[in-house]
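Trainee: Going by this note's numbering, the sequence shown opens with residue 11, and the numbers climb by one from there. Attaching a single structure in structure tokens format; questions to follow.
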Amino acid sequence: MAVKNKRRAVVDESSCVACGCCMRVCPLSAIQIWRGIRAQVDAERCVGCGRCAKECPASVIELQEVRS
Ligand code: SF4
Ligand code: SF4
């Protein structure tokens, strides 16, 4: 059986400024601001659309290939 790859958003937590821009644009509500200090992606919900990465003013989100 073929293994599907998909992308998932990954946040550089040390550089996130917790502005919440990514959270507001995510169509799957896959991002929360953890304790008001950094963005946290729910990998089960994320579909890798990339909207959050485009929106992040600090450019600290990248999309990584994952096996599902
Ligand atoms: S890549 Fe898309 S689905 Fe995943 S966290 Fe970012 S905006 Fe949400
Ligand atoms: S948009 Fe970027 S800096 Fe702002 S909360 Fe999301 S990951 Fe952090």
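Think of the CB as a built atom: it goes at the ideal place given N, C-alpha and C, for glycine as much as any other residue.
I'd like to check one pair, alanine 40 with valine 76: are the Cβ atoms closer than 9 Å?
Mentor: No; because the gap between Cβ atoms is not below 9 Å, this pair is not in contact.
Trainee: Rounded to whole angstroms, what is the Cα-Cα separation between serine 24 and cysteine 56?
Mentor: Cα-Cα distance, rounded: 21 Å.
Trainee: Under 9 Å, do valine 27 and isoleucine 71 count as touching if we go by C-beta distance?
Mentor: Result no, Cβ atoms of valine 27 and isoleucine 71 do not sit closer than 9 Å.
Trainee: Let me know the secondary structure DSSP gives arginine 48 once reduced to three states.
Mentor: In the structure shown, arginine 48 sits in a strand (DSSP, three-state: E or B).
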